[in-house]
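The opening position of the sequence shown corresponds to residue 1 in full-length UniProt numbering, with each subsequent residue numbered one higher.
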Amino acid sequence: MKRTYAALSAAGTGRRNLLLLLLLLGMALLAYLLYGTARLQAMAQIREQADANLNRYILSLQHQLDRHKDLPRLLANQQQLIALLQDPDNPHKTDQANRYLAWVNDTMGATDSYLIATNGITLAASNWDQPRPFTGNDYSFRPYFQQAMEGGPGRYFALGNTSRVRGYFFSHPVMQGEEIIGVTVVKVDLEDVEEDWSDPLQDILVMDEDGVIFISTRAHWRFRTLGQLPGYEHILASRQYGNHELRQLQALAAGRPPALAGLLSEADVARIRASQRYGSAPLLPLDIVRREATAQGDLLLTLIDQPPSSDGLDPQPTGHYLLVSRLLPEAGMRVAVLASLRPLETSVFRTLAVGLTFYLVVAALALFLVARHRLKKRYEAELQRAHEALELRVEQRTRELTEANRRLQQEMEQHHQTQNQLIQTAKLAVLGQLSAGINHELSQPLTAIRHYADNGRKLLERGKAGSVATNLEEIAGLAGRMATILQPLREFARQNGDLGQSVNLQHLRQGVMVIMGSQLEQQGARIDWPDDLGGVWVRGDIGRLEQVLVNLISNALQAMAGQAEPRIEVGLCTTDEEVQLTLRDHGPGLAEHALEHIFEPFYTTKSAGLGLGLSISHRIVQSLDGRLEARNHPGGGALFTLTLKRTRAHEQEPR
1 MKRTYAALSA AGTGRRNLLL LLLLLGMALL AYLLYGTARL QAMAQIREQA
51 DANLNRYILS LQHQLDRHKD LPRLLANQQQ LIALLQDPDN PHKTDQANRY
101 LAWVNDTMGA TDSYLIATNG ITLAASNWDQ PRPFTGNDYS FRPYFQQAME
151 GGPGRYFALG NTSRVRGYFF SHPVMQGEEI IGVTVVKVDL EDVEEDWSDP
201 LQDILVMDED GVIFISTRAH WRFRTLGQLP GYEHILASRQ YGNHELRQLQ
251 ALAAGRPPAL AGLLSEADVA RIRASQRYGS APLLPLDIVR REATAQGDLL
301 LTLIDQPPSS DGLDPQPTGH YLLVSRLLPE AGMRVAVLAS LRPLETSVFR
351 TLAVGLTFYL VVAALALFLV ARHRLKKRYE AELQRAHEAL ELRVEQRTRE
401 LTEANRRLQQ EMEQHHQTQN QLIQTAKLAV LGQLSAGINH ELSQPLTAIR
451 HYADNGRKLL ERGKAGSVAT NLEEIAGLAG RMATILQPLR EFARQNGDLG
501 QSVNLQHLRQ GVMVIMGSQL EQQGARIDWP DDLGGVWVRG DIGRLEQVLV
551 NLISNALQAM AGQAEPRIEV GLCTTDEEVQ LTLRDHGPGL AEHALEHIFE
601 PFYTTKSAGL GLGLSISHRI VQSLDGRLEA RNHPGGGALF TLTLKRTRAH
651 EQEPR
């Protein structure tokens, strides 16, 4: 048995190890696939964005250049400039030409405008009144001058030989018949375009046909190259690029165009030196290590984005970039976007993290399911036993709950019966008060009837039949009055009334006064009723409403016991839907804690009584779809508000 268990355990361990190995291999394969897919997608997005931005930058640059490209041709036809070329030593014509060029320059927003004679000497310039004017300078070495002297328009970018400011030059020959007598030149500053191209994830490069960067969003890249220039010392001596130092690119990509790869021939170097295009700029190579070429012909670069250090230490690479470029042959330049690959790295990392996390979750779930399957057999017997025990407990508990429910229903029925008995008991208590009031009210009519009867007998003996008839009429009237007095007693004789009948408030008042008349007279109290009760009808049962008002008036009289002139004020407020009766006494009022429990059964603040009167009254009002509320009046005393549904006057209450 032990050997069998050990063998099974070893087999289980082997299966687990094999499963773990398969899971690790699957994770490695998934990571490889996710990396390749995510990198391709992210690279496509970056290139798409870079290409879109490249188009936008090219349009912006072309717009800036197109604004001024025709200006030299227009200037070449101006009479002031032609007159100066015909008489270059005339100071008056020179002044006119200078001022005219200054006006044109300010109006068109150009950087500089000037007029060159055929020998290359500047005769007039827009900056004639500046500290370093162009007038008198020899620009015969400039390609834009040479292009115009050949009979066509010229374009050229260079560092100003006098102003030391970068600019793009447009030129045009000034013709007199078939003869070229001079050249007009307009210089455009592109620094505004350079500032508008700021983007934290992309850099812009604009290079000339020799691969020299003359526009860049990074200042320390200007007048640098993409590779070592042959004839380096020769270029330095020519001061072609000003005082900028020339440095070599650390690695070159095979098969790149010379203008993009940064390779210049000796003839190119001689041409740049002769043109003095960039003054003495040293033309340092950018610290870019090319990694690979993409299928679209772009470059993936590793960029060392640090200015040259004074200690001579080599800087470290700081990021990877995608170089997307486009040649503008007419302008003689190449525009390139250098897009950071940080979003690619972030996207790839995010994809790997999500994919591998999902894989690990699935793998963990698979391991869990395997372990769960193994444990399932072990726990089946225990679960079966627990299930049987649970069924037994449920059956026992069901019997207990059934018995408890039966007892609860019995208690609820008993409670309902007790509640009805309490309501009837309260009605009987009110009935006792009603009987006392009726007894008091009937004593006078009965005495009068007896008196009229005695008089009638004597009148009959005397033969006065007319007087006897009068006495009988008086007796009939007194009998009708007694029937009216007995009406409340008939109402209270019923156990339950019709809750759907209409009750007139004046009739309700009369019934209440019959019941409470004796007690009010004994206590010397009075009730101030509204005058317009006869026109108001409410939905309810007159007997129950009399019971509620009798209870409220009795409580008010008890609260004012001992006062010389107790007074109860009844108010009336009506709307289209409801009727509110307010009953205010002038007693001490209700305690704050009593207001929260005043309608609860068996709650009382009096030494005598069960505390059921207000509770029963509250339930009666609720059964009539009304509300009974209690609060203290600001002027003192308790204030009870009885709200009932209003009915129409033509709905008569049954009697």
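Ideal Cβ placement from N, Cα and C applies to all residues, glycine included.
Straight-line Cα distance separating residue j from residue i
i, j, result
"Leu-19", "Met-43", "36 angstroms"
"Ala-630", "Arg-450", "48 angstroms"
"Asp-541", "Thr-647", "13 angstroms"
"His-92", "Asp-208", "40 angstroms"
"Gln-410", "Ala-404", "10 angstroms"
"Arg-99", "Tyr-168", "22 angstroms"
"Leu-54", "Arg-224", "21 angstroms"
"Lys-464", "Ala-476", "19 angstroms"
"Gly-524", "Gly-635", "22 angstroms"
"Arg-73", "Val-206", "26 angstroms"
"Ala-148", "Tyr-35", "56 angstroms"
"Leu-612", "Arg-619", "11 angstroms"
"Leu-85", "Tyr-144", "19 angstroms"
"Pro-88", "Thr-94", "7 angstroms"
"Leu-328", "Val-335", "7 angstroms"
"Gln-316", "Glu-191", "Confidence at Gln-316 is low in this model, with a pLDDT of 46, below 50, so its placement is unreliable and no value can be given for it."
"Ile-515", "Gln-396", "58 angstroms"
"residue 728", "Leu-460", "This structure cannot settle anything about residue 728, because the visible part of the chain is limited to 1 through 655."
Delimiting residues of the alpha helix (DSSP H) encompassing residue i
i, result
"His-92", "91 to 108"
"residue 658", "Because the chain in this structure spans residues 1 to 655, residue 658 falls outside the shown range and cannot be described."
"Ile-181", "Looking at the DSSP string, Ile-181 is not in any alpha helix (DSSP H); the run it does join, the beta strand (DSSP E), is 179 to 188."
"Ile-620", "613 to 623"
"Ala-83", "79 to 86"
"Val-550", "542 to 559"
"Ala-148", "143 to 149"
"Leu-75", "71 to 75"
When the options are compared against residue i, the one with the closest alpha-carbon
i, options, result
"Gly-216", "His-507, Leu-61, Leu-365, Arg-372", "It is worth fixing the name first, because residue 216 is Ser in this sequence and not Gly. Checking every option, the nearest Cα to that of Ser-216 belongs to Leu-61."
"Gly-562", "Cys-573, Leu-549, Asp-541, His-586", "His-586"
"Ser-171", "Lys-187, Leu-639, Trp-529", "Lys-187"
"Gly-332", "Ala-363, Val-212, Asn-77, Arg-218", "Val-212"
"Gln-130", "Gly-120, Asp-112, Phe-141, Gln-146", "Asp-112"
"Leu-642", "Gly-589, Ala-594, Leu-545", "Leu-545"
"Val-503", "Gly-543, Ala-353, Leu-572, Arg-406", "Gly-543"
"Leu-624", "Leu-614, Gln-547, Gly-636, Arg-539", "Arg-539"
"Val-348", "Leu-40, Arg-56, Gly-14", "Leu-40"
"Ile-553", "Leu-375, Ile-82, Ala-638, His-593", "Ala-638"
"His-507", "Trp-537, Val-193, Ile-58", "Trp-537"
"Ala-38", "Ser-140, Leu-344, Leu-201", "Leu-344"
"Leu-472", "Ala-483, Glu-461, Ala-364, Asp-454", "Asp-454"
"Glu-577", "Val-550, Gly-626, Gly-589, Ala-564", "Gly-626"
"Glu-195", "Gln-519, Gln-414, Ala-219, Gly-177", "Ala-219"
"Asn-137", "Leu-159, Gln-396, Tyr-114", "Tyr-114"
"Glu-521", "Ala-564, Ile-181, Tyr-379", "Ala-564"
"Gln-202", "Phe-141, Arg-142, Asp-51", "Asp-51"
Any C-beta of chain D under 8 angstroms from that of residue i
i, result
"Thr-107", "Of the chains in the structure shown, none is chain D; there is only one protein chain."
The beta strand (DSSP E) enclosing residue i, as first and last residue numbers
i, result
"residue 686", "With the chain running from 1 to 655 in the structure shown, residue 686 is simply not present."
"Tyr-156", "154 to 159"
"Asp-208", "202 to 208"
"Val-503", "501 to 504"
"Tyr-321", "319 to 328"
"Leu-572", "567 to 574"
For residue i, three-class secondary structure by DSSP
i, result
"Ala-386", "helix"
"Asp-66", "helix"
"Phe-170", "strand"
"Ala-125", "strand"
"Ser-518", "helix"
"Ser-163", "coil"
"Asp-192", "helix"
"Ala-525", "coil"
"Arg-457", "helix"
"Arg-406", "helix"
"Lys-376", "helix"
"Ala-536", "It is worth fixing the name first, because residue 536 is Val in this sequence and not Ala. Correct three-state label for Val-536: coil."
"Arg-218", "coil"
| said: Quick test of the definition: if touching needs 3 or more C-beta pairs under 8 angstroms, does the region 27 to 34 touch the region 352 to 359? | reply: The region 27 to 34 vs the region 352 to 359: in contact.
| query | Quick one: any contact between the region 524 to 535 and the region 564 to 572, if contact means 3 or more CB pairs under 8 angstroms? | reply | The region 524 to 535 is in contact with the region 564 to 572.
| query | Would you say the region 68 to 77 touches the region 332 to 343, given that touching needs at least three Cβ pairs under 8 angstroms? | reply | Segments in contact, no.
| said: Does the structure place the region 135 to 152 close enough to the region 173 to 191 that three or more beta carbon pairs sit under 8 angstroms? | reply: The answer is yes - the region 135 to 152 touches the region 173 to 191, with three or more Cβ pairs under 8 angstroms.
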